[in-house]
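Asks:
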């Protein structure tokens, strides 16, 4: 199990890619002092909140102010890091419970998640910076609206090469093209091409539309990072998700920066308490970061159990048949069998993973819910409509 969590689930290939390709730094930093950089970052971030989020941006500003105050208290040891993390995770959820406007929190949930991840990374790294730098970092325009999480050094780094090269231009245009294609496909083509009334085909259509929406956001975020700081690091590996080898691969490739964040600030902290505890806490923190969303909580908890069960089964199969059929592809494969049978077994497990993705993604069919209770009821109804197939598969794997 420990091997699963560290060597497989939290393998270092994406971490190295994420950490080695350091951006050149925000273009507005050049020629200005740090205070000017932070001021400009705050002003541009405020403009984004006004023009993109609108009046609901006030709630984001309130949460940012809360983070700044708590981080100052943490610097002066008025509160502990644990208290800060608990408040950072629970404050948006509490406000969402107290506020009856569900549409408001649906709009700003992703923004709040990115801000919380930045604030927690500052707290857990023990970094002491001026309050205005904290505000500038939390409101950094390239990652404020669509994300992704980026560490503080990406905000304060000194440029190392020419800003916005020809390669950056090409990558930016490509990301915008992919974003446009996924948006068009999600909103128009999927519904018209997949119009069958068969429940599993409908579920696959809804799940695919949800995944395409995620790819759109990820590529828009990547394009904005390229424009602002020549940061072309990938956020999602869509092909790995659409043609999965395993659920573990899907979880890792879905949001690479968040995968790195969870590894660095959750898993490695609780690793010494045991693999099972580390896994549960990692997914629990991920669920809390995503806010008060019953479908997301249900998906993350199911995914945590299913990925662990899948790893256990495939490890046993790989050991018995001495074949390369583990959840993650071997780095330096030493298995005896890697032929047609091995490929067939991997295809079978990949098909099961795709079925689980359909089962989970079907919850996100675009239906708007007026309350948490109705959203929770919709989860039950959708899975009952699909015969709880994903849970039956999970139960069989656990047995």
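Residue numbers (our numbering): 1 to 399. Glycine is no exception: its CB is placed at the ideal position from the N, C-alpha and C atoms. Since this is a predicted model, take the numbers as computed values, not measurements.
So does the segment 125-141 actually touch the segment 202-209, counting three or more Cβ pairs closer than 8 Å?
Replies: no
Asks: So residue 186 packs on residue 213, CB below 8 Å; how close in whole Å?
Replies: For residue 186 against residue 213, the beta-carbon gap comes to about 5 Å, under 8 Å, which counts as contact.
Asks: Give the C-beta separation of residue 345 and residue 299 to the nearest angstrom, bearing in mind that I take them to be a contact with Cβ-Cβ under 8 Å.
Replies: Not confirmed; about 26 Å, so no contact.
Asks: Let me know the secondary structure DSSP gives residue 103 once reduced to three states.
Replies: helix
Asks: Can you find at least 3 beta carbon pairs, one from the segment 50-62 and one from the segment 80-91, that sit closer than 8 Å?
Replies: no
Asks: Enumerate in chain order the residues of its own chain whose CB-to-CB distance from residue 305 is below 7 Å, with the five nearest sequence positions on each side excluded.
Replies: 394
Asks: Can you give me the Cβ contacts of residue 108 inside the same chain, cut-off strictly under 8 Å, excluding the 5 residues immediately before and after it?
Replies: 53, 56, 57, 59 and 60
Asks: So, with DSSP's three-state summary, where would you put residue 371?
Replies: coil
Asks: For the alpha helix (DSSP H) containing residue 258, name the first residue and the last one.
Replies: Element bounds for residue 258: 256-262.
Asks: If we call anything under 8 Å between Cβ atoms a contact, is residue 172 one with residue 223?
Replies: yes
Asks: Could you check the C-alpha separation between residue 320 and residue 308 for me, to the nearest Å?
Replies: Distance between the alpha carbons of residue 320 and residue 308 is about 19 Å.
Asks: Going by Cα to Cα distance, which pick from 340, 369, 379 and 263 is closest to residue 359?
Replies: Ranking the options by Cα distance to residue 359, first place goes to 379.
Asks: I need the boundaries of the alpha helix (DSSP H) containing residue 92, first residue and last residue.
Replies: For residue 92, the enclosing alpha helix (DSSP H) covers residues 81-98.
Asks: What residue ranges within the segment 154-224 form continuous alpha helix (DSSP H) runs of no fewer than 4 residues, ordered along the chain?
Replies: 166-184 and 190-193
Asks: Near residue 113, what residues of its chain come up, given a Cβ to Cβ distance below 6 Å and the 5 sequence neighbours on each side ignored?
Replies: 289
Asks: Residues in its own chain within less than 6 Å of residue 79 by CB, not counting five upstream and five downstream?
Replies: 73
Asks: Alpha carbon to alpha carbon, how far is residue 103 from residue 382?
Replies: 22 Å
Asks: Applying the 10 Å Cβ sphere with the 16-neighbour rule, what's the burial state of residue 356?
Replies: buried
Asks: What is the residue span of the alpha helix (DSSP H) that residue 72 lies within?
Replies: 57-75
Asks: Classify residue 119 as helix, strand or coil using the three-state DSSP reduction.
Replies: helix
Asks: Under a Cβ-count criterion, where at least 16 other Cβ atoms within 10 Å of its own Cβ denotes burial, should residue 279 be classed as buried or exposed?
Replies: By the neighbour-count rule (16 or more Cβ atoms within 10 Å), residue 279 is buried.
Asks: Identify, in the order they occur along the chain, each residue of the same chain with its Cβ nearer than 8 Å to the Cβ of residue 176, setting aside the five sequence neighbours on each side.
Replies: The beta carbon of residue 176 sits closer than 8 Å to those of 219, 220 and 223, all from its chain and outside the five residues before and after it, given in chain order.
Asks: Can you grab the Cα-Cα spacing for the pair residue 451 / residue 100, in whole Å?
Replies: The first residue shown for the chain is 1 and the last is 399, placing residue 451 beyond what the model contains.
Asks: On the three-state DSSP scale, how would you describe residue 383?
Replies: In this structure, residue 383 counts as helix in the three-state DSSP scheme.
Asks: Residue 62 to residue 106, Cα distance in whole Å?
Replies: 17 Å
Asks: If you drop the 5 nearest sequence neighbours on each side, which residues of the same chain put their C-beta closer than 6 Å to that of residue 144?
Replies: Same-chain partners within the cutoff: 45 and 48.
Asks: To the nearest angstrom, report how far apart residue 98 and residue 373 are at their CA atoms.
Replies: 15 Å
Asks: Can you list, in chain order, the residues of its chain with a C-beta nearer than 7 Å to that of residue 183? Leave out the 5 residues immediately preceding and following it.
Replies: 216
Asks: Run through DSSP, which three-state label would residue 329 get?
Replies: coil
Asks: In the DSSP assignment, find the unbroken alpha helix (DSSP H) run with residue 41 in it and report its ends.
Replies: 34-48
Asks: Please name the residue, chosen from 365, 174 and 295, that lies closest to residue 232 on a Cα-to-Cα basis.
Replies: 174
Asks: Secondary structure at residue 54, three-state DSSP: helix, strand or coil?
Replies: helix
Asks: Check whether the Cβ atoms of residue 245 and residue 350 sit closer than 8 Å, and answer yes or no.
Replies: yes
Asks: For residue 168, which of 142, 130, 192 and 229 has the nearest alpha-carbon?
Replies: 229
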